[in-house]
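See below for the structure under consideration.
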Amino acid sequence: MAVSLKTKVSFGLGGIALTLPDMVFTQWIFMRYVPNEKDALLSASLFGIIFMIARVCGAVAEPLIGHWSDSCRTRWGRRIPFVRFGLLPLVIFFFLMWHPPVMAPLWLRAVYAYLVIQIYLLFYPGVLTPYLSLLTELGEESMDRVRLMTAQGVFVMLGSVVFALVGVVKENYGWTIMSLLVGFLTFSSLLPIAITGKERNVPKEDEQNVSFIQSAIWVLKSRSFLHLVFGTSFYFLAFTCIVMSLPFWVKVYLGKGEAFVTYLMLPLLLITMCLFAFVGPAVERFGKYRVFSLTLLLASLGLFFLSAVGLYPIGSSFVHLLIVVMWMGIPVAGLAVLPFAILTDVIDEDEKKTGTRRDAIFFAIQGTIQKIFIGISGGIFSVLAYWGSGSNEVTEQGLRWVAIAGGLSAFVGFLIFLGYPLRDIDVKQK
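Per our numbering, the sequence shown runs over residues 18 to 447.
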């Protein structure tokens with residue numbers, strides 16, 4: 018039986034929650050806690066450590082949450098309870114992140130920042146990992162799942178458009194309205210599936226008798242998986258560097274307000290959306306291996322170009338920055354489409370070797386490793402962006418160092434992915 022329009026829309030809406038709160042968190046949280054020397058609530062180094070530890074702990078918890086959801090049996094199912102009962106705390110702690118006790122002693126501000134951010138980063142996978150796992154519960158056939166992911170993709174891009182407008186909202190209405198808006202959209206986007214979602218009953222006898230530890234060991238022994246996950250993780254580290262630094266390029270280098278970030282983000286998103294249509298034909302002609310290798314290389318070049326903004330002989334600094342951001346729309350389109358598609362090839366290979374199909378553990382461990390790298394990017398940013406200031410002021414030199422570090426990271430990811438062994442799989446399938 019085909020998936021109903023109601024199910025496609027209710028599942029697809031969750032794409033907003035999948036994208037919006039975490040992108041806002043990644044891009045704006047340093048601006049909230051360490052905007053400059055005068056208004057800094059914590060030192061850049063201390064907040065960088067808090068960010069990195071919270072990210073890493075949240076990443077480590079993700080596979081355990083996935084395994085917990087796989088093993089859970091309730092009258093509502095094994096995924097819906099996590100979404101239904103975790104959604105409100107997720108939104109509450111997202112709001113609290115942006116409202117630290119400004120007048121409190123330093124130690125209390127630090128404890129508050131860590132606890133609130135850490136709890137948010139536990140509820141985020143606690144809600145979104147089971148939500149994503151609903152894909153196989155709601156869509157039994159392959160084409161059903163394609164339709165569900167297509168619906169989700171539409172709302173992911175809508176969430177990205179809202180994300181691009183956050184700078185305008187923050188500058189005109191402040192942190193409170195911004196966090197209320199993002200929290201409301203996050204809550205509203207997951208509420209329909211939390212209320213109406215119905216899962217298939219999975220009999221206990223259908224469960225695989227493979228322990229969590231054994232399953233994880235098999236995943237980490239897969240050469241194909243390791244080349245893919247570390248290639249993409251170095252990419253994520255690089256891309257997070259540009260997302261974190263963009264508000265500071267606008268404010269510190271161009272001397273503009275936060276609303277100006279929107280004018281740079283919208284072209285990136287528009288180019289990404291336009292290029293979605295070309296990724297499939299490119300893969301069909303050249304294969305996933307070649308297209309994704311090029312994606313990583315273009316990301317590396319874009320970040321190296323960013324490090325020299327304002328130094329080129331033609332055009333203004335704003336034009337340079339705009340061109341770099343538009344350039345990054347090309348690899349972002351590849352990143353949005355290809356990694357999961359390549360991972361399914363890895364899972365198919367693993368199934369042939371082990372005789373078991375273990376999609377969830379592959380997705381969970383990939384997410385864990387990628388989030389650890391995202392956490393590391395926060396530490397790198399907190400050191401390099403403030404380089405040479407001797408204080409909590411982001412410097413132009415520091416922003417250039419961040420871009421260079423991001424470019425090197427993406428290039429390392431490119432080199433790692435070159436060793437991916439399933440490069441001819443598309444040719445064989447043809």
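For glycine and all other residues, C-beta sits at the position ideal for the given N, C-alpha and C.
Computed from a predicted structure; not experimentally measured.
Taking three-plus beta-carbon pairs below 8 Å as touching, is the stretch 240-260 in contact with the stretch 125-138?
Contact between the stretch 240-260 and the stretch 125-138 is absent, with fewer than three C-beta pairs closer than 8 Å.
What does the alpha-carbon distance come out to for the pair D87 and G384?
Approximately 16 Å between the Cα atoms of the pair.
Contact check, S239 vs V363 under 8 Å by CB: the rounded distance?
Rounded to the nearest angstrom, the Cβ distance from S239 to V363 is 6 Å, consistent with a contact under 8 Å.
Nonlocal neighbours in the same chain, by C-beta distance under 8 Å from M371, ignoring five residues either side
First, the residue type needs correcting, since residue 371 is Thr and not Met in the sequence shown. Within the same chain, T371 has close Cβ partners W235.
Check for me: the alpha helix (DSSP H) holding P122 runs from which residue to which?
From DSSP, P122 is part of no alpha helix (DSSP H); its letter is neither H nor E.
Which whole-angstrom value is the C-beta distance of V144 and L104, which I expect to be below 8 Å?
The Cβ separation is near 6 Å, so the contact holds.
Output needed for L237: all residues of its chain with C-beta closer than 8 Å, excluding positions within five of it in sequence on either side, in chain order.
L243 and I382, listed in sequence order.
Pick from G424, I340, L328 and L198: whose alpha carbon is nearest that of E413?
Looking at the Cα atoms, L328 is the closest of the given residues.
Is A358 buried or exposed, if buried means 16 or more other CB atoms sit within 10 Å of its CB?
With fewer than 16 other Cβ atoms within 10 Å, it is exposed.
Please determine, among E216, F277 and I259, the residue with the shortest C-alpha to C-alpha distance to G319.
Taking G319 as reference, the option from E216, F277 and I259 with the minimal CA-CA separation is I259.
Segment contact, 8 Å Cβ cut-off, at least three pairs: the stretch 309-323 with the stretch 413-423
Yes: at least three Cβ pairs fall under 8 Å.
DSSP state of V419, grouped into three classes?
Residue state for V419 is assigned as helix, using DSSP reduced to three classes.
Outcome for I67 when other beta-carbon atoms lying within 10 angstroms are tallied against a minimum of 16
I67 should be labelled buried.
Please list, in chain order, all residues of the same chain as F253 whose beta carbon is under 6 Å from its beta carbon, the five residues on each side excluded.
Hits under 6 Å: Q387, F390 and I391.
Considering I109, what are the terminal residues of the alpha helix (DSSP H) in which it resides?
I97 to M114 is the extent of the alpha helix (DSSP H) around I109.
I'd like to know whether the C-beta atoms of V73 and F64 end up nearer to each other than 7 Å.
No. Outside cutoff.
Below 7 Å CB to CB, which residues in the same chain sit around L37 once its five sequence neighbours on both sides are set aside?
Listed in chain order, the non-local C-beta contacts of L37 below 7 Å within the same chain comprise G176, V179, F180, V199, L202 and T203, local neighbours out to five positions each way being set aside.
DSSP three-state call for P438: helix, strand or coil?
It is coil, neither helix nor strand.
Using a 10 Å radius around the Cβ and a threshold of 16 neighbouring Cβ atoms, would you call G32 buried or exposed?
With 16 or more other Cβ atoms from the protein chains shown falling within 10 Å of its own Cβ, G32 counts as buried.
Cβ pair count under 8 Å reaching 3, the stretch 279-289 against the stretch 392-403:
Verdict: no, contact absent.
Three-way DSSP call (helix, strand, coil) for E410 in this model
It is coil, neither helix nor strand.
Can you confirm whether the stretch 182-190 touches the stretch 54-64 when touching is taken to mean that 3 or more C-beta pairs between the two stretches lie within less than 8 Å?
No: fewer than three Cβ pairs fall under 8 Å.
N- and C-terminal bounds of the alpha helix (DSSP H) containing P330:
It is not in any alpha helix (DSSP H) - P330 carries neither H nor E in the DSSP assignment.
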